[in-house]
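Novice:
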Amino acid sequence: MIKKIVSDAFIISKITILSLREALIPFIIVSIFIPLGTSYLVSLASPNWNLTTKIDYLSGMLVLSSSLTIINGVGQYIAEDRSLGLISWYRTLPVHPISYVIGITSTYLIGILIDSALLIPIASILWNIHIDIIYIGITIIVVIIQSLSLIGLGAIIGTRSNNFQTAIAITNLLSYVIAFATPAYYSINAIPEEFRFLCYILPTTEAALIIKRVYMYGKINFSLFMVLIFMSIPYMLIGFKGIKWREK
Amino acid sequence: MVTYMVKNIIVVENLVKIYSNGVIANDHINLRVRKGEIVGILGPNGAGKTTLIKQLTGELMPTEGKIYIMDIDVVKNPSAIKPFIGVCPQEGNLISYLTVREHIYYFGRLKGLSRNDAQKEADKILDLLDLKQHQKKKIGELSGGLRRRVFVGIALINEPPIVFLDEPTAGLDPIVRNDFWETIEKIKKEKPETTIIVTTHYLEELDKVSDRLVFINKGKIVLEGNTIEVRSLINYDIKITFPKAFKEVITKELLKEGINFRLNESLNKIDLLLSKKDFPIAMKLIFEHTSDVIVSSPTLDEVFLGVIKGDQKDSK
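Protein chains in written order, with the working numbering: chain A, 46 to 293; chain B, 2 to 317.
1. I think B:F85 touches B:I163, with their Cβ atoms under 8 angstroms apart; what is that distance to the nearest whole Å?
2. Starting from B:P1, trace the alpha helix (DSSP H) in both directions and tell me its first and last residue.
3. Roughly how many whole angstroms lie between the Cα atoms of B:H104 and A:I56?
4. Give the residues from the region 118-150 of chain A that approach chain B closer than 7 angstroms (Cβ to any Cβ), ordered along the chain.
5. At a Cβ cut of 9 angstroms, what residues of the region 107-124 of chain B count as close to chain A, listed as they run along the chain?
6. Would you mind listing the beta strand (DSSP E) stretches within the region 90-121 of chain A that are 3+ residues and don't spill past its ends, in chain order?
7. Enumerate in chain order the residues of its own chain whose CB-to-CB distance from B:W182 is below 8 angstroms, with the five nearest sequence positions on each side excluded.
8. How about A:S112 and A:S192: are their beta carbons less than 8 angstroms apart?
9. By alpha-carbon positions, which one of B:K221, B:L130, B:K138, B:E142 ends up nearest to B:T184?
10. Quick one: complete alpha helix (DSSP H) runs, 4+ long, within the region 19-82 of chain B?
11. Which residue wins for smallest C-alpha separation from B:S21, given the options B:P90, B:L273, B:M62?
12. Is B:N227 close to chain A? Criterion is C-beta to C-beta, closer than 8 angstroms.
13. Just mark B:E60 as buried or exposed, buried being the case when its beta carbon has 16 or more other beta carbons within 10 Å.
14. Here's the rule I'm using: 16 or more other beta-carbon atoms within 10 Å means buried, otherwise exposed. How should A:L124 be labelled?
15. Output the distance between the C-alpha atoms of B:N269 and B:T242, rounded to the nearest integer angstrom.
16. Please confirm if the region 281-299 of chain B is in contact with the region 250-257 of chain B, defined as three or more CB-CB distances below 8 angstroms between the two stretches.
17. Using alpha carbons as the reference points, say which of A:G118, A:I288, A:P139 lies closest to A:I149.
18. Quick one: give me the first and last residue of the beta strand (DSSP E) that B:D167 is part of.
19. With burial defined as no fewer than 16 other Cβ atoms inside 10 Å of the residue's Cβ, what is the status of A:R66: buried or exposed?
20. List, in chain order, every chain B residue whose beta-carbon is nearer than 9 angstroms to that of A:L63.
21. Listing by chain order, which chain A residues have their CB less than 9 angstroms from the CB of B:T58?
22. Whose C-beta lies closer than 7 angstroms to the C-beta of A:I256 among residues of the same chain, with five residues either side of it excluded?
23. Does the beta carbon of B:K83 sit closer than 8 angstroms to a beta carbon anywhere in chain A?
24. Out of curiosity, what's the CA-to-CA distance linking B:D315 and B:Q91?
25. Given this structure, state the Cα-to-Cα distance separating A:P139 from B:L111, to the nearest angstrom.
26. Over what stretch of residues does the beta strand (DSSP E) that includes B:E225 continue unbroken?
27. Do we get a CB-CB distance below 8 angstroms when we pair B:V88 with the residues of chain A?
28. What residue range is occupied by the uninterrupted beta strand (DSSP E) comprising B:I96?
29. Would you mind stating whether B:I68 and B:K36 have Cβ atoms separated by less than 8 angstroms?
30. If you follow the alpha helix (DSSP H) that B:P281 is part of, which residue opens it and which one closes it?
31. Taking C-beta to C-beta, are B:I42 and B:V199 nearer than 8 angstroms?
32. On a Cα-Cα basis, can you pick out the residue from B:V215, B:N15, B:N27, B:A81 that is closest to B:E38?
33. Apply the 10 Å Cβ neighbour rule to B:N117 and answer buried if 16 or more other Cβ atoms are within range, or exposed otherwise.
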């Protein structure tokens with residue numbers, strides 16, 4: 046069963062990646078030029094920023110861009126597949142819904158990997174922040190874990206929205222909530238108390254805090270890392286349980 | 002139980018599907034399909050054909066009733082039948098950036114074939130459906146008819162015992178539709194063990210290939226039988242089209258001759274539906290007034306709807 050799920054996910058990811066044959070230029074622009082351009086613009090805007098502000102900004106960019114890419118990407122991709130009738134095909138095959146979701150997520154994860162792997166060295170040079178090579182690896186692991194935990198939310202939105210437009214509206218709304226409630230650009234204390242619970246239930250909070258501390262103090266906070274891992278498990282379980290594959 | 006399962010590859014018992022908006026799409030459907038049969042499911046738009054197919058393929062949950070395919074309870078275990086079926090969905094779409102061959106190959110892999118077997122299967126299906134010369138083309142470069150053939154190709158991967166074709170000719174021009182049914186005839190000859198369930202609007206097309214016809218209207222089976230039986234039950238099997246200007250006079254004379262008929266009016270022409278036995282007299286009468294006449298077979302919408310609505314009475 047697990048072997049079949051993994052093998053099908055691999056095949057679907059191959060199908061999805063083949064789409065890059067036609068969309069290679071936009072993919073390269075998004076993956077390479079956007080981090081480069083954004084870092085450059087921020088370096089122009091922030092000559093007087095202190096190190097903490099710069100690190101807050103960098104960790105915010107890493108965590109938020111990856112989480113929003115996953116939620117919007119997966120949610121809208123699935124909704125589009127539904128409206129195009131591609132899910133009808135997959136549903137008639139002996140394919141598990143999890144294989145489909147993991148398969149289509151692969152392109153986004155590749156994009157996030159390239160994005161993060163480029164953003165950190167570019168930003169560290171342009172913003173004058175010293176970041177060891179090992180921290181790039183740690184950041185990528187953290188970003189991937191929080192992205193994986195958010196896949197399920199995107200999949201629920203994609204499979205349960207009435208139509209493509211609804212999926213876009215919901216993913217956009219969720220993106221705003223995540224961007225607001227993740228203490229990336231500011232501390233948790235800056236978030237109004239009545240909304241602070243959102244910080245505690247979002248894996249992006251832990252991800253942002255881990256990355257900030259690694260860059261600031263050069264240390265991994267293992268307890269935060271464990272919290273992130275444990276938090277991602279229920280997220281994934283809820284997400285994959287909530288996918289609506291068979292029509293009611 | 003086991004005996005009829007062996008005989009009947011598909012068994013549907015009292016199937017009911019009521020959507021959340023209260024629409025009764027299938028109303029106590031009972032159906033049995035034998036191995037190797039080609040069953041045509043006909044009915045007007047919204048009759049419940051696609052809903053029935055979606056429940057048979059395990060895509061849609063029935064409200065009530067039982068479905069057994071090859072002895073597997075589809076309602077309880079929909080994923081268990083997937084390896085045994087091939088489906089050409091009505092609203093399915095192909096992947097624009099994949100080539101014809103890649104479609105067959107990757108869907109073959111998802112049906113559990115190894116890399117080598119999927120390649121061999123692709124060769125076999127491309128040959129069977131005359132798609133070899135198009136194998137490297139991307140889907141966007143294909144005509145509607147060729148795309149439909151790819152749909153069928155995907156449904157046939159790994160020789161499933163049961164193939165569901167939901168409105169496979171919808172939106173195609175008559176020539177392409179004819180090509181498509183020739184392909185189905187070829188499959189019937191080369192793979193006689195394959196059971197095919199096909200839905201369509203076009204009665205005359207199913208005449209050629211199907212062993213049995215099932216008519217659905219408003220979610221219920223209203224007529225069932227082999228093509229000869231069904232033909233004998235349907236009174237109107239000829240359509241004569243003539244200019245609207247002659248409606249009054251021709252109608253009067255047909256009634257005088259005691260001919261049963263049905264009229265469908267459009268902007269400037271009249272479609273006269275009648276039985277073959279009345280055709281010579283009707284033609285003689287019409288030719289007395291006009292030679293601007295087209296004779297054809299009526300479509301399902303024209304003939305079958307008349308039958309199920311009891312519209313024969315209109316002509317009396």
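All C-beta atoms, glycine included, are put in the ideal place defined by N, C-alpha and C.
Source: prediction; values computed, not measured.
Specialist: Here's the rundown:
1. 6 angstroms
2. For chain B, the structure presents residues 2 to 317; residue 1 of chain B sits outside this window and is missing.
3. 12 angstroms
4. L129, G130, L131, S133, W134, R136, T137, L138, P139, V140
5. Y107, F108, R110, L111, K112, G113
6. none
7. T170, E206, K209, V210
8. yes
9. B:L130
10. 50-57
11. B:M62
12. no
13. buried
14. It is worth fixing the name first, because residue 124 of chain A is Ala in this sequence and not Leu. Classification of A:A124: buried, given that the 10 Å Cβ count is 16 or more.
15. 10 angstroms
16. yes
17. A:G118
18. 163-167
19. exposed
20. I96, Y98, L99, E103, Y107
21. R136, T137
22. S104, L107, V108, T184, V187
23. yes
24. Low local confidence applies: a pLDDT of 41 at B:D315 is under 50, so the model's placement there is unreliable, with the coordinate-based value given in what follows. So the two alpha carbons sit approximately 35 angstroms from each other.
25. 7 angstroms
26. 221-226
27. yes
28. B:I96 -> no beta strand (DSSP E), and no H or E assigned at all.
29. no
30. 280-288
31. yes
32. B:V215
33. exposed
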